[in-house]
Amino acid sequence: EAGVTQSPRYAVLQEGQAVSFWCDPISGHDTLYWYQQPRDQGPQLLVYFRDEAVIDNSQLPSDRFSAVRPKGTNSTLKIQSAKQGDTATYLCASSFWGYSAETLYFGSGTRLTVL
Amino acid sequence: QEKVQQSPESLIVPEGAMSSLNCTFSNSASQSIWWYQQHPGKGPEALISIFSNGNKKEGRLTVYLNRASLHVSLHIRDSQPSDSAVYLCAVRSAGNKLTFGIGTRVLVRP
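First to last, the sequence lines map onto chains A and B. Under the numbering used here, think of the first position of the first sequence as 1, with each following residue one higher. Under the numbering used here, think of the first position of the second sequence as 1001, with each following residue one higher.
Take a look at the structure:
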């Protein structure tokens, strides 16, 4: 069974440029998460979906970040005007929601560098 | 907001020794505690989880949870060079959120 797939693997931008990250979750998983992981830190939740609905986006910098999951399968995270502080690895994870034992499966991430 | 702290920051152990990692969290009502392993350039991978006070064993892994002291530990028996990685403690709390610590970097020397 295929795991969580993310693309691109790397992105290098100048400040002010836009970038999109794409995630294909494990087939059948209804819940999808986007995490930001700065270097030498743990992952920090940005937003998560159940099917196509946003459940929690309270940690998403809404003025520059947006995330969609229109058909409840693939998802796109976009940064409109990147800042140096956005330099991090962006991880997508998926799970089958149901109980507290739900396991998150992560992709390998997109490593973003903003110059 | 849930807070998760891990110690030590890094650990070097000889091959075959026990690796012991610690994690403290802020909310005794947290639903479950997870340990993830992360190799360079890869996403975290779930290793083991625990819900109730006490211990749980899976293969070379043992985890101990004490909700009263808000402490959980992970012990890796017979550590192998392939166990070299960052180990992340994560706590699931209300709203189904998983909050991670910054990790412990483990290096197993052959």
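Ideal placement from N, C-alpha and C gives every residue a C-beta, glycine not left out. Here the structure is a predicted model, which is why all the values come from computation and not from measurement.
- For residue 103(A), the CB contacts under 8 Å within the same chain, skipping 5 residues up- and downstream, are 95 in chain order.
- Neighbours of residue 41(A) across chain B, judged by C-beta separation under 7 Å: 1102.
- Three or more beta-carbon pairs drawn from the stretch 1061-1072 of chain B and the stretch 1022-1030 of chain B are found closer than 8 Å, and the two stretches are therefore classed as touching.
- Assignment of residue 1073(B) by DSSP, reduced to helix, strand and coil, places it in the strand class.
- Annotation for residue 24(A): the continuous beta strand (DSSP E) segment containing it runs 19-24.
- Of the candidates 1103(B), 1089(B) and 1106(B), 1089(B) places its Cα closest to the Cα of residue 1033(B).
- At a cut-off of 7 Å between C-beta atoms, residue 103(A) counts as an interface residue with respect to chain B.
- About 7 Å separates the CB atoms of residue 107(A) and residue 3(A); that is less than 8 Å, so the two are in contact.
- Sequence-ordered contacts of the stretch 1040-1056 of chain B with chain A read 1041, 1042, 1043, 1044, 1045, 1046, 1049 and 1051 [C-beta pairs closer than 8 Å].
- Selection 49(A), 86(A) and 105(A) evaluated against residue 18(A) yields 86(A) as nearest (Cα-Cα).
- In the pairwise beta carbon analysis, the stretch 30-42 of chain A is classified as not touching the stretch 1046-1058 of chain B: fewer than three pairs are separated by under 8 Å.
- Per DSSP, residue 1014(B) is one residue of the beta strand (DSSP E) stretching across 1010-1014.
- Apart from sequence neighbours up to five positions away, the residues of its chain that approach residue 91(A) with a beta-carbon distance below 7 Å are 35, 37, 43, 106, 107 and 109, ordered along the chain.
- Between residue 1083(B) and the set 1094(B), 1063(B), 1017(B) and 1056(B), the nearest pair of CA atoms involves 1017(B).
- The bridge partners DSSP lists for residue 55(A) come to none.
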